[in-house]
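First up is the structure itself, then whatever we jot down about it.
Protein chains: 2
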Amino acid sequence: MREINDLPECDAVAVHEGVTSLAREGVPAPDTLLMLSEFFKIFGDPTRLSILFALDRVPMCVCDIAATLGMTRSAVSHQLKVLRTAQLVSYRREGKNVIYSPSDDHVRDIIEKALEHISE
Amino acid sequence: MREINDLPECDAVAVHEGVTSLAREGVPAPDTLLMLSEFFKIFGDPTRLSILFALDRVPMCVCDIAATLGMTRSAVSHQLKVLRTAQLVSYRREGKNVIYSPSDDHVRDIIEKALEHISE
DNA sequence: CATACAGTTGAACGGTTGTTCACTTGTTGA
DNA sequence: TCAACAAGTGAACAACCGTTCAACTGTATG
């Protein structure tokens, strides 16, 4: 006799009974999952990472960031918008320049943990 | 007189002298940056995250994962390949099934740190 | 006020990515 | 050995993403 957790796609009754419902408990709500993935997506680009690394050393204007990384001001500005929206950088205007600086300390931790992982 | 760190795009001599070279020291090598971003990219997808969450509760075959998350076996298999390549899951064959399980403990830490961040 | 420069922004492009579909591989049991 | 089912795979498609280009805004200085 088939149980509640049986599903048409997989007749795994004998092998993994009741497993799916148990697993489902471990999976966060869809919107949490989405926020989480959006968060990680931001770190999934070398340019944005290098901006964060650079700013972690010294706060800089867009122009200096561009010069540091060898890219156009426009490209940097676009990426800074992403980082701003995610509240990973703060900024203040100083005359003609806008100075950006890192705004979160979690970030360093997360990146360091990741560096630990890839160095294996 | 212009300094070494001056760049044609940004005449910021008077404002942020020598900043760029200082910032550059904080930026890892391009290939490190690339590996790091590739690593984060993997977590940048809700599907892959949910697979990792589910497997963290209980090891499962592809079929059960698909049933748990309400997606096709093919889609799951494709994503598992990504997770396998990044060595974030291990697997063993059991008869007709292939049982997947998480293979790294760093992962839990990183995800939890990220969850801390987004709950603010 | 006009010029110069810092920064932002929207459209467009090329490349990437996740899912679907159809097919293949591999394993078990009749 | 053949049928049935789990899993993996390649091509194709649509959606997404990062950069470039060409504007535009905003601020300081002559």
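Residue numbers (this note's numbering), protein chains in the order written: chain S, -8 to 111; chain H, -8 to 111. Every residue gets a Cβ at the ideal spot worked out from N, C-alpha and C, and that includes glycine.
I want to verify the contact list: residues of chain H whose CB lies under 7 Å from the CB of residue i, in sequence order.
i, result
"S:SER41", "VAL18 and LEU24"
"S:HIS97", "LYS104, GLU107 and HIS108"
"S:THR76", "Going along chain H, no residue has its Cβ under 7 Å from S:THR76, so there is no contact; the nearest lies around 13 Å."
"S:VAL89", "Here the premise fails: no neighbours, minimum Cβ distance about 12 Å."
State the CB to CB distance for the pair residue i and residue j, rounded to an integer number of angstroms; the pair is presumed to be in contact (CB under 8 Å).
i, j, result
"S:LYS72", "H:GLY35", "Between H:GLY35 and S:LYS72 the Cβ distance is about 18 Å, and since that is not below 8 Å, they are no contact."
"H:GLN70", "H:ILE42", "6 Å"
"S:HIS108", "H:PHE30", "7 Å"
"S:ILE90", "S:PRO50", "5 Å"
Given that residue i touches chain S, what residues does it touch there, using C-beta distances under 8 Å?
i, result
"H:PRO37", "PRO21, LEU24, LEU25, LEU27 and SER28"
Which bits of chain H does residue i rub up against, with CB to CB less than 8 Å?
i, result
"S:ALA66", "Those do not exist, as S:ALA66 stays about 12 Å from chain H at its closest Cβ, beyond 8 Å."
Consult DSSP for residue i and reduce its assignment to one of helix, strand or coil.
i, result
"S:ALA105", "helix"
"S:PRO93", "strand"
"H:VAL80", "strand"
"S:LEU85", "It should be noted that the sequence gives Glu, not Leu, for residue 85 of chain S. In this structure, S:GLU85 counts as strand in the three-state DSSP scheme."
"S:ALA66", "helix"
"H:VAL98", "helix"
"S:LEU13", "helix"
Using a C-beta to C-beta distance shorter than 9 Å, which residues of chain S count as neighbours of residue i?
i, result
"H:VAL73", "Ordered by position in chain S, no residue passes the 9 Å Cβ test against H:VAL73, which lies about 13 Å from the chain."
"H:ARG15", "ALA45, ARG48, THR59 and LEU60"
Is residue i near residue j, with beta carbons less than 7 Å apart?
i, j, result
"S:ALA57", "H:VAL18", "no"
"S:VAL53", "S:ARG39", "no"
"S:LEU24", "H:PRO37", "yes"
"S:VAL80", "S:SER68", "no"
"H:ARG10", "S:ASP47", "The residue you asked about is not Arg; residue 10 of chain H is Val in the sequence shown. In this structure, S:ASP47 does not lie closer than 7 Å to H:VAL10 by Cβ."
"H:THR59", "S:ARG99", "no"
"H:ALA105", "S:LEU27", "yes"
What residues of chain S sit near residue i, judged by a beta carbon separation below 7 Å?
i, result
"H:VAL10", "VAL49, MET51 and ASP55"
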